[in-house]
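In what follows, a structure is listed as structure tokens, so that the remarks can point back to it.
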Amino acid sequence: MSALPGKAGRKLFEKHLDQYKPVDPLYEFYTDAKGKKKRRKRAIPPGLSARDEKILKSVQKRAHYLDKGFSILGFRFGWTFFIGLIPVVGDAANASLNYYLVIRKARQADIPSWLLQRMLFHNIVGAGVGFIPFVGDIVFAVYKPNSRNAALLEEMLRVRGEEYTRLQAGEAIVASTADQEDTKDKGVSKNDIEQAKPGSGLVKGEVVPAGPGSASSPPNTLTSAPPSPPAKKKKSFGFLGLSHKDAD
């Protein structure tokens, strides 16, 4: 599989930075009919294998307790804040926990290398500021690298599920073009398949429920191996909103 070039990846996250702010990875908030603010667990994106669903749920739960498990006067923080108060040893322990409990688990979802690099960057930033006595622990608690990484994984798997659903609906696989909207209208681009790996983790006979808006459609059943990514590399990443110019 071809990796997304580092330059293009940086442009993507700079452009869509707000999408990856550290929201609660496990819960989302909503307003009920009476105007009261309540929370509920975040919905798992449709179109995913049981393996990917399990990985995402695990990462979301771990990130929540590491970053946002407690609240005092509206300020949310997790176990990493308390651990980080221990000079030097606590910061090293946090960096290790963040990697082994979140990033290593996310890698099991067969994520692309550029996404793994971004997750490692978040961990390095968090570890770096954590070594600043006390103030660094506050900054670390606000930065919440685990929540950021959980959000990245959720977004990646959401795209994977969407692409799998489109393929199962019979959309054609087309060559990518510079005009991403034009490619999207014609079908699923080959480069989207390379990056998102729709159907990853599915086993023969596994049933994937239809996504929202397709309740009338029967569940998708995998009767053969997921579509294999084409070997030839392209310079257009449609599902990421990048053109071949961005990848140069």
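Just so you know, the sequence shown maps onto residues 688 to 935 in our numbering. In this text, a Cβ means the ideal position worked out from N, Cα and C, and glycines have one as well.
Given that a residue counts as buried once 16 or more other Cβ atoms are within 10 Å of its Cβ, and exposed if not, what is residue i?
i: T718; result: exposed
i: G734; result: buried
i: A838; result: buried
i: A750; result: buried
i: R805; result: buried
i: G764; result: The residue you asked about is not Gly; residue 764 is Phe in the sequence shown. F764 is buried by the Cβ-count criterion.
i: P820; result: exposed
i: S758; result: exposed
i: F768; result: buried
i: V895; result: buried
i: K725; result: exposed
i: V875; result: buried
i: K721; result: exposed
Please identify the residue among the options whose C-alpha is closest to the C-alpha of residue i.
i: L844; options: H751, W766, A793 and R749; result: A793
i: N836; options: E740, G815 and H809; result: H809
i: P1011; options: T852, V875 and M806; result: The shown model of the chain, from 688 to 935, leaves out residue 1011, and the question about it has no answer.
i: I742; options: F757, A730, A796 and K723; result: A796
i: V829; options: V875, A737, W766 and K721; result: W766
i: D739; options: G857, E858, K725 and E841; result: E841
i: L753; options: A730, N785 and N878; result: N785
Ignore the nearest five residues each way along the sequence and tell me which others in residue i's own chain have a CB closer than 7 Å to its CB.
i: K728; result: L713 and Y714
i: G817; result: G771, D778, N781, G823, D824 and F827
i: A737; result: E893
Just checking my contact of residue i with residue j at CB under 8 Å: how many whole Å lie between their CB atoms?
i: Q882; j: P799; result: 6 Å
i: K891; j: R847; result: The pair is not a contact, with the Cβ atoms about 19 Å apart (cut-off 8 Å).
i: L802; j: I790; result: That pair is no contact at about 10 Å.
i: I880; j: E850; result: 7 Å
For residue i, which residues in the same chain have their Cβ closer than 6 Å to its Cβ, ignoring the five residues on either side in sequence?
i: A814; result: A782
i: L788; result: R749
i: Q747; result: P712, L713 and A837
i: S911; result: Low per-residue confidence applies at S911: pLDDT is 44, beneath 50, and the placement is therefore not dependable, though the value from the model is reported in the following sentence. None.
i: S887; result: D797
i: P709; result: K831, S834 and R835
i: S970; result: Here the chain has residues from 688 to 935 only, and residue 970 is not among them.
Can you find the residues in the same chain that come closer than 8 Å, C-beta to C-beta, to residue i, ignoring five residues on each side of it along the sequence?
i: I773; result: A780
request  = Enumerate, from N- to C-terminal direction, the unbroken beta strand (DSSP E) stretches of 3 or more residues contained entirely within the region 728–808.
outcome  = For the region 728–808, whole beta strand (DSSP E) runs of length 3 or above, ordered along the chain, are 757–759 and 762–764.
message = Going residue by residue through the region 873–899, where are the continuous beta strand (DSSP E) segments of at least 3 residues, counting only ones entirely within it?
response = Within the region 873–899, complete beta strand (DSSP E) segments of at least 3 residues are not found at all.
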